[in-house]
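Protein chains in written order, with the numbering used here: chain A, 23 to 266; chain B, 5 to 263.
Quick look at the structure:
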């Protein structure tokens with residue numbers, strides 16, 4: 023395989039420091055029909071999340087008499103990547119949808135809505151590594167926008183190992199040619215990280231590196247959490263002005 | 005429905021034992037069920053293995069054929085992993101294309117093999133840019149008594165160890181054993197509050213299918229992690245899981261050395 027240097031003079035290819043996130047832009051409530059929505063950019067990732075519900079469950083047999091069911095669909099647009107992606111779910115999307123749903127389920131207060139469904143749809147319009155983390159960040163804001171009661175916010179970011187060092191929020195080149203990719207998501211409650219809700223990893227790291235990666239991811243997640251909060255506040259304040 | 009009621013009863017039983025730090029089958033919290041590995045049972049396959057993990061049973065078969073390489077790796081062989089949760093293995097499995105559980109299973113097993121560089125793919129080039137060996141690993145669940153993940157990962161690597169590249173059949177040289185250079189081992193643990201139950205059996209999973217799979221290579225590097233299940237994982241438990249999984253994988257890896 024061709025050798026590509028991912029770190030030059032102590033900086034990453036896009037000029038970032040090791041512990042620096044890509045620029046993030048978040049806007050809550052961007053879709054009219056959805057009960058809650060969010061548009062989010064994380065570097066070159068562009069994603070839209072929509073939340074529908076709590077609403078009636080279709081098909082009916084999926085209903086749970088004791089709590090709401092949560093569904094999550096991660097989907098990539100055919101034009102979101104270099105080579106056109108065939109529309110529809112592939113194996114990767116199905117796995118990402120599963121782990122992302124499982125990241126949000128323990129945070130959503132499902133018990134409050136028996137026999138109903140909370141549907142989360144996330145569309146990737148442009149992908150550039152870390153799209154699952156961008157989608158979770160957007161979904162979390164969309165859930166708040168929909169007024170779904172939650173135990174806290176979910177913030178998600180990956181850590182990669184490239185050229186032997188750990189870096190926060192890898193972009194495409196670092197993901198492709200790096201030695202490891204570790205996406206995390208955390209439950210953040212009362213401004214503090216409480217637990218891990220999503221954790222995957224592939225590549226090769228030592229136990230010690232894995233522990234350091236967790237600490238690095240926590241730092242990044244706290245910054246994302248602040249931006250998520252601000253996006254929700256912005257929308258809330260704007261709507262207040264309209265009323266007046 | 006009776007299945008549901010039975011599960012509720014089992015759940016209470018598992019939990020009451022767990023409060024005393026015990027497991028329903030008498031195992032220690034970090035004890036893996038007895039493992040049996042048999043290889044070469046499918047003569048038509050290039051390699052095969054049957055793994056029993058307690059009452060859980062999985063067979064993995066390896067088929068190989070020449071194919072076109074990926075453009076970004078013109079001199080590397082290709083691994084494709086698939087898993088089928090066939091309905092004979094559990095009353096909850098249904099016929100049809102792989103569901104999210106089967107897909108997750110296959111992808112986690114695949115990542116363990118891929119990222120430990122278990123197979124030396126550079127030795128599987130027939131003609132650069134034109135023809136390379138494709139390895140198809142197919143995992144067939146036969147009996148799901150919990151933790152199909154570790155049984156499948158073990159069956160996959162055991163089957164690879166048992167594989168002969170069928171070069172003569174395709175008239176591209178002499179047969180040779182598949183170059184396997186690492187032994188990735190997956191360890192799955194059930195997480196309940198601050199307790200960790202290594203290698204959960206099916207009845208134990210009645211308290212929640214909340215698991216973590218950590219795959220390590222023979223140098224104790226971590227090559228794959230998958231949190232599976234809707235639960236909150238505390239950092240403390242995660243921290244303990246790392247060292248525990250490395251230690252347990254070492255035990256299991258010893259069995260592979262005899263394959």
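Just so it is clear, CB atoms sit at the ideal spot from N, CA and C, and this is done for glycine as well.
| query | Any idea what DSSP makes of residue 35/A, helix, strand or coil? | reply | coil
| query | Between the C-alpha atoms of residue 254/B and residue 244/B, what's the straight-line distance to the nearest angstrom? | reply | 16 Å
| field | CB-CB length for residue 41/B against residue 53/B, believed under 8 Å | value | 6 Å
| message | So, with DSSP's three-state summary, where would you put residue 159/A? | response | helix
| said: If the cut-off is 7 Å on Cβ atoms, which residues from the region 122-135 of chain A count as contacting chain D, listed in chain order? | reply: Annotation note: the requested chain D is absent from the structure, which comprises protein chains A and B.
| said: Is there a Cβ of chain B sitting closer than 7 Å to that of residue 155/A, yes or no? | reply: no
| field | Backbone secondary structure at residue 251/B - three-state DSSP | value | helix
| task | Check the C-beta distance from residue 130/B over to residue 123/B and give it rounded, since I have them as a contact under 8 Å. | result | Between residue 123/B and residue 130/B the Cβ distance is about 15 Å, and since that is not below 8 Å, they are no contact.
| task | Less than 8 Å between the CB atoms is what I'm expecting for residue 82/B and residue 65/B, so what's the real figure, rounded? | result | Rounded, the Cβ-Cβ distance is 17 Å, inconsistent with contact.
| said: Strictly by DSSP, which residues pair up with residue 205/A? | reply: 180/A
| said: With distance defined between alpha-carbon atoms, name the residue in 235/B, 246/B, 114/B nearest to residue 131/A. | reply: 235/B
| query | Contact between the region 177-193 of chain B and the region 155-162 of chain B: three or more CB pairs below 8 Å? | reply | yes
| said: Give me, in chain order, the residues of the same chain whose beta-carbon lies closer than 6 Å to that of residue 219/B; leave out the 5 immediate sequence neighbours on both sides. | reply: 116, 188, 190, 227, 228
| said: Quick check: residue 210/B and residue 11/B, are their CB atoms within less than 7 Å of each other? | reply: yes
| query | Ends of the beta strand (DSSP E) at residue 154/B? | reply | Where residue 154/B is concerned, there is no enclosing beta strand (DSSP E), although the alpha helix (DSSP H) it sits in stretches over 152-165.
| Listing by chain order, which chain A residues have their CB less than 9 Å from the CB of residue 227/B? | 202, 223, 224, 225, 226, 227
| Of the residues 196/A, 34/A, 61/A, 173/A, which one's Cα is nearest the Cα of residue 47/A? | 61/A
| Do the region 107-119 of chain A and the region 90-110 of chain B meet, that is, are 3 or more Cβ pairs less than 8 Å apart? | yes
| Given a threshold of 16 other Cβ atoms within 10 Å of its Cβ, counted over all protein chains shown, does residue 255/A qualify as buried or as exposed? | exposed
| Grouping DSSP H, G and I as helix and E and B as strand, with all else coil, what is residue 267/B? | No statement about residue 267/B is possible, as the shown extent of chain B runs from 5 to 263 and does not include it.
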